[in-house]
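Under the working numbering, read the sequence shown as residues 2 to 400, first letter to last. From the three backbone atoms N, C-alpha and C, an ideal C-beta is built for every residue, glycine too. Reviewing the structure listed below.
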Amino acid sequence: MDGAVNVSLQVAQVRASDVASRADARYRGAYVHVPFCRHKCHYCDFYSFVDSEHREEAFVQRLEQELESAVPFLTQPLETVFVGGGTPTMLGAPLLGRMLNSIARILPVARDAEWSVEANPETVDHATADVLASAGVRRVSVGAQSFTPKLLKALERDHDPRSVGRAITMLRNSGIPQVNLDLIFGIPGSTLDDWRRDLAATLELAPDHISAYGLVYEPNTPLTVKLRQGVVTRLPEDDEAEQYEYVIAELARAGYERYEISSWALPGKTCQHNILYWENADWWGFGPSASAHGAGIRWKNVPRLATWLECGPSSPVQDVESLDANGRVGEAFMMGLRMTRGMPRERVDSLLGATAEGAHRRQLIAGHIDGGLLEEHHGFLRLTPRGFMIADSVLAGLI
Ligand code: SF4
Numbered sequence: 002m003d004g005a006v007n008v009s010l011q012v013a014q015v016r017a018s019d020v021a022s023r024a025d026a027r028y029r030g031a032y033v034h035v036p037f038c039r040h041k042c043h044y045c046d047f048y049s050f051v052d053s054e055h056r057e058e059a060f061v062q063r064l065e066q067e068l069e070s071a072v073p074f075l076t077q078p079l080e081t082v083f084v085g086g087g088t089p090t091m092l093g094a095p096l097l098g099r100m101l102n103s104i105a106r107i108l109p110v111a112r113d114a115e116w117s118v119e120a121n122p123e124t125v126d127h128a129t130a131d132v133l134a135s136a137g138v139r140r141v142s143v144g145a146q147s148f149t150p151k152l153l154k155a156l157e158r159d160h161d162p163r164s165v166g167r168a169i170t171m172l173r174n175s176g177i178p179q180v181n182l183d184l185i186f187g188i189p190g191s192t193l194d195d196w197r198r199d200l201a202a203t204l205e206l207a208p209d210h211i212s213a214y215g216l217v218y219e220p221n222t223p224l225t226v227k228l229r230q231g232v233v234t235r236l237p238e239d240d241e242a243e244q245y246e247y248v249i250a251e252l253a254r255a256g257y258e259r260y261e262i263s264s265w266a267l268p269g270k271t272c273q274h275n276i277l278y279w280e281n282a283d284w285w286g287f288g289p290s291a292s293a294h295g296a297g298i299r300w301k302n303v304p305r306l307a308t309w310l311e312c313g314p315s316s317p318v319q320d321v322e323s324l325d326a327n328g329r330v331g332e333a334f335m336m337g338l339r340m341t342r343g344m345p346r347e348r349v350d351s352l353l354g355a356t357a358e359g360a361h362r363r364q365l366i367a368g369h370i371d372g373g374l375l376e377e378h379h380g381f382l383r384l385t386p387r388g389f390m391i392a393d394s395v396l397a398g399l400i
């Protein structure tokens with residue numbers, strides 16, 4: 002990325018607390034990464050694995066130390082806590098409960114903070130759902146991806162589509178107020194009819210929030226290897242675009258408001274933690290491979306459980322990157338314009354400033370407005386529906 006400056010530190014010796022002490026940040030959220038899964042899906046490039054060594058308890062114990070080590074830097078109540086992975090519900094009810102209680106006890110979490118936890122449908126049972134609810138979790142995000150067995154197979158997802166409905170019922174019965182479903186379109190071998198049926202099955206469950214992503218072939222995943230070997234065939238672009246257009250129209254018809262490129266919510270049910278990312282706010286990341294951002298510096302905890310377990314209390318980090326002023330402006334556009342409401346015009350003007358880079362971006366923005374890809378709307382600059390269809394290329398130009 003333009004404007005990125007790698008911080009010259011001996012990475013092996015750098016801890017999150019070393020980086021944070023150089024950033025004058027106001028952390029508003031916490032992300033906790035639980036790296037365990039019951040099965041590794043073939044498209045997934047998150048740091049997660051099937052743990053044959055049973056290190057879940059050691060993970061939670063080590064996490065408690067890491068939480069303590071960050072407290073001196075967390076100077077205001079945290080507005081959001083997001084526990085993701087991996088599959089946090091893999092920990093099972095007792096350990097999951099201990100982890101959530103430790104987060105609440107150690108970190109300065111605001112009383113009305115939004116707590117979100119990710120779950121694999123097959124790992125939700127009554128005990129897990131009760132633990133989540135009694136810990137005050139407000140949102141549970143369930144990885145459904147598809148309800149069509151052949152498409153789940155194409156992704157090497159290891160769950161029965163019926164388990165999604167069962168999980169949602171248990172979560173609701175336990176008192177979890179909001180549920181998100183994750184979906185993927187553009188899966189090899191999928192048709193528009195498959196996608197129609199997947200969305201109909203989704204709407205029958207009436208989730209509060211839906212995240213629908215086009216399949217990404219991440220480098221070095223088994224799915225991408227199969228693509229290279231010709232074992233799977235990428236869905237033609239037009240077919241994927243048709244599925245994308247369908248989800249936009251169908252969810253609007255069903256009363257969901259699209260508030261970000263891939264995110265839809267019933268009124269009042271947006272995900273505050275994700276909004277915090279898109280607003281480029283500061284958050285702290287816990288657990289192996291968790292990313293963090295503080296005042297323009299980004300870093301990532303070491304993505305290796307064994308190293309993370311051994312080296313405490315603050316996690317060793319890598320990929321420490323400090324953005325210069327121009328880089329921060331580019332990033333603010335890239336994140337802020339992902340949201341359908343766009344960015345307030347005053348913020349756009351103050352970001353563009355009077356620099357040469359600002360003049361260049363101003364020209365690009367004017368060109369995109371003329372071309373119908375960006376528009377001014379009630380004091381905000383935002384992508385148009387056509388701009389959203391090719392958001393990646395519009396935003397890339399503004400970085
Ligand atoms: S369950 Fe989620 S985190 Fe785990 S391998 Fe599958 S996609 Fe990745």
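Within its chain, find whatever has a CB closer than 6 Å to the CB of residue i; leave out the 5 residues flanking it on each side and keep chain order.
i    : result
L204 : A255
K151 : none
E219 : D46
E157 : C42, H43
L182 : V143, A145, T203, P208, I211
S103 : E65
G98  : V132
Looking at the structure shown, is residue i part of a helix, part of a strand, or coil, going by DSSP?
i    : result
R198 : helix
F50  : strand
S264 : strand
Q319 : strand
K151 : helix
Y214 : strand
E219 : coil
G85  : strand
Y247 : helix
E80  : strand
S191 : coil
G420 : Examination of residue 420 is not possible in this model, given that the chain is present from 2 through 400 alone.
G313 : coil
H40  : coil
R158 : coil
P345 : strand
R163 : helix
R305 : coil
I185 : strand
State the CB to CB distance for the pair residue i and residue j, rounded to an integer number of angstroms; the pair is presumed to be in contact (CB under 8 Å).
i    : j    : result
H40  : S290 : Wrong, their Cβ atoms sit about 19 Å apart, outside the cutoff.
L216 : I185 : 5 Å
L75  : W285 : 7 Å
E115 : Q273 : 5 Å
V180 : V143 : 6 Å
W265 : Y278 : W265 to Y278, Cβ: 17 Å. No contact.
P36  : G87  : 5 Å
V61  : L96  : 5 Å
Ignore the nearest five residues each way along the sequence and tell me which others in residue i's own chain have a CB closer than 7 Å to its CB.
i    : result
V303 : P289, W309, S316, P317, V318, Q319
Q66  : G313, P314
L399 : G331, F334, M335, R362, L365
For residue i, count neighbouring Cβ atoms within 10 angstroms of its own Cβ and tell me buried if that reaches 16, exposed if not.
i    : result
R163 : exposed
E165 : The sequence given here has Val at residue 165, not Glu. Buried: at least 16 other Cβ atoms inside 10 Å.
E238 : exposed
L193 : exposed
Q14  : exposed
F50  : exposed
L356 : Looking at the sequence provided, one finds Thr at residue 356 rather than Leu. By the 10 Å Cβ count, T356 comes out exposed.
N221 : exposed
E80  : buried
P109 : exposed
R229 : exposed
Q77  : exposed
S117 : buried
Q11  : Reliability fails at Q11, whose pLDDT of 46 lies under 50, so the model's placement of it is uncertain and no value is given.
E347 : exposed
A24  : buried
A21  : buried
E58  : exposed
H127 : exposed
R63  : buried
A397 : exposed
R106 : exposed
Note down, in chain order, each residue of its chain lying with its Cβ closer than 8 Å to the Cβ of residue i, except the 5 sequence neighbours on either side.
i    : result
L374 : L384, T385, R387, G388, I391, V395
K227 : H43, V233
T149 : P162, S191, D195, R198, D199
G337 : W279, E280, N281, G343, M344, R348
R404 : Nothing about residue 404 can be read from this structure; the chain reaches only from 2 to 400.
V1   : The chain is shown only over 2 to 400; residue 1 falls outside these bounds and no answer can be derived.
The ligand HEM heavy atoms versus the CB of residue i: any closer than 7 Å?
i   : result
C42 : Annotation note on the ligand HEM: not contained in the displayed structure, which lists the ligand SF4 as its ligands.
Under a CB-based cut-off of 8 Å, is residue i close to chain B?
i   : result
C42 : Absent here is chain B; the protein component of the structure consists of one chain.
Are the segment 233-240 and the segment 157-176 touching, with three or more C-beta to C-beta distances below 8 Å? By the Cβ test, the segment 233-240 is not in contact with the segment 157-176, since fewer than three Cβ pairs between them sit closer than 8 Å.
Assess contact between the segment 384-398 and the segment 325-341, defined as three or more Cβ pairs (one per stretch) separated by less than 8 Å. Is contact present? With a cut-off of 8 Å, the segment 325-341 and the segment 384-398 count as touching, because enough Cβ pairs lie within range.
So does the segment 292-302 actually touch the segment 353-369, counting three or more Cβ pairs closer than 8 Å? Of all C-beta pairs linking the segment 292-302 to the segment 353-369, fewer than three are shorter than 8 Å, placing the two stretches out of contact.
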